[in-house]
Structure formats: structure tokens, C-alpha cells
């Protein structure tokens, strides 16, 4: 007898909670039943998957490999169910979507309304993560889809969504804030840049621009959010480098905010919807990509 889907889901729950009792409560089963199922699976596979101790349940190296495959198997089963449920023009069920924190809050509120109108049975479960984490969690099956920078997910299938230009924001009394016209890199030469912390693709792009300009990225402050980066710039700690979705959304909300587009071909990033190449729902995902792209380009229109 091979491991069952139920046993695989039990193993994942233990890996995520670190305890048999908590996993049993999450799954609404008795702890003894869960323990028996795990023991049966270990016997079938001929390997110890979990180390049991007073401090909880630790996944063994072999167990970690099994958990990765278990997530992928369960996701493929969910995709199989989705295909069976859907007619040619329908999209239903739950999709786990990972998204960059510099994109999610400014794109998803608008796009989810349109998606609900077009696909009323579709449910998105959204989580924001850094670029590096998005890639890993797409590979291991935690996410069905991610919205991220194209170049950071070479193993994924992608659908281009939109191009984001980069903008600067400075303190109100800084000469850079005296105009809203595009700004050349040369004009940024004597300013320290402020960006998000390590692990974000945006921070790497900002560092590349700083090198081109001949300036540096501030080591005194690394933001945990774009709001924090902008506020530090307004206080005179340097100039914030901000992507279009955020910059234009905030400029519409705050008429006193001065932002200026960086006039350079390197001051941009390409955003895509990404999924595993093995997914059976590629055609459906491309239809979702059309909705994301349409909404994003409306937000990115400076005249909107």
C-alpha cells in the first residue's frame, strides 16, 4: 500500500505546526489517529520522517524531502479537481497567490474586484513575501501562482503583466522637490539612496542605479516597507527610489507628494505572473494574467 493523500496532508500539518497535538487540532482528528497514520506511512516508505521529543516534532532530512513532494502532489490533486469542476469558461476554487509586498497592496484591491465579477467562484488566498521566498514557495507547492520580477524565477512559466518605472521622492525642501518633471540620473549624483532591505529584488536594482550614478545606498536605514522608505526620504535621510504602482497610488492619495520619474532605461522592472511549468492550469492562469495586466496598466496611467 502506498502513502495516502490523507497521510501526506497529516505530514505537512506536522511540519507546519511542529507538534502532533496542534496538527491534530488543525485537521480535526484525534492525535492517536494522526500518530497511527504517520507510523503507517513511515513503515510503508521504510524511513523515519519525524523525530518525536518533549519539545515537539522535528522533521528528519528524509522527512523534509517527503514534505516537499507531498505539497506538490496535493497541489496537483487540487488542480485535477479544478479541471474536473470547470467548464471551458469558468474558473473556480481556491488559489494560493504569493506577491511582492511592493506590489500587493497597490494592485490586488482593484484586481480582485474584477476577478470576482468574471470568476465569482474563484477564491484567492494571498501572502506577501520577499522575492527569494516567493521562488522557493512556488517550487515547493506552497503557492500556485506568484506575482514577481520576471528574471528571478527562471524555472517558472510566466505571463508578462506590466512594466514599472522607478520614481524618486525627496524632502519637501530638497531642490529635487521643486519640479515634477522626469529627473536624469546625473541629477541624483550627490544624494544617498534609500531602499528596502536585503532579499528584495528592488533593493538590488536600486544598488545598481546607485553604482551607475556614482552615489551609494544608505547603510543607516533600510526600510521594511515602501511607506517607511518614503517617510525617511521626506524627513531628509536621503532620496527614496519607488516603483510606479506605489508612487502613483500615493501621489493620487496625497496631492502634496512630489514624485519624479527617473529618466533612464535601466530604471524599471518587469513584473509577471509565474507558475510551475508542470501545472495543468496554464491556460487558465493566462486568463488571470490578462485581468492583472489590465488593472495594473490602468493604475500605471499617470492621467488616471
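In the numbering used here, the protein residues as written are 1423 to 1726. Here a beta-carbon is modelled for each residue, glycine too, at the ideal position from N, C-alpha and C.
- Taken in chain order, the complete beta strand (DSSP E) segments of 3 residues or longer contained in the segment 1566-1603 are 1567-1571, 1578-1591.
- About 14 Å separates the beta carbon of residue 1710 from that of residue 1501, a gap too long to meet the 8 Å contact definition.
- Residue 1607 and residue 1634 have their C-alpha atoms spaced approximately 8 Å apart.
- Per DSSP, residue 1677 lies in no beta strand (DSSP E) and is assigned neither H nor E.
- Close CB contacts of residue 1642 within its chain, under the 8 Å cut and outside five residues either way in sequence, are with 1659 (chain order).
- Secondary structure at residue 1497: helix, using DSSP grouped into helix, strand and coil.
- Scanning its chain for C-beta atoms nearer than 6 Å, with the 5 sequence neighbours on each side dropped, one finds around residue 1686 the residues 1607, in chain order.
- Beta-bridge pairing by DSSP links residue 1550 to 1521.
- Here residue 1489 is not near residue 1568, since their CB atoms are 8 Å or more apart.
- By the C-beta density criterion, residue 1520 is buried, having at least 16 other C-beta atoms within 10 angstroms.
- Cβ-Cβ separation between residue 1550 and residue 1666: approximately 18 Å, too far for a contact (criterion under 8 Å).
- Of the candidates 1460, 1487, 1467, 1460 places its Cα closest to the Cα of residue 1474.
- When DSSP states are grouped into helix, strand and coil, residue 1535 belongs to the helix group.
- Taking a 10 Å sphere around the C-beta of residue 1582, we find fewer than 16 other C-beta atoms and assign the residue as exposed.
- When rounded, the separation of the alpha-carbon atoms in residue 1707 and residue 1566 is 10 Å.
- Residue 1616 is positioned such that its CB atom lies closer than 8 Å to that of residue 1654.
- In the DSSP assignment, residue 1716 falls within the alpha helix (DSSP H) that extends over 1704-1721.
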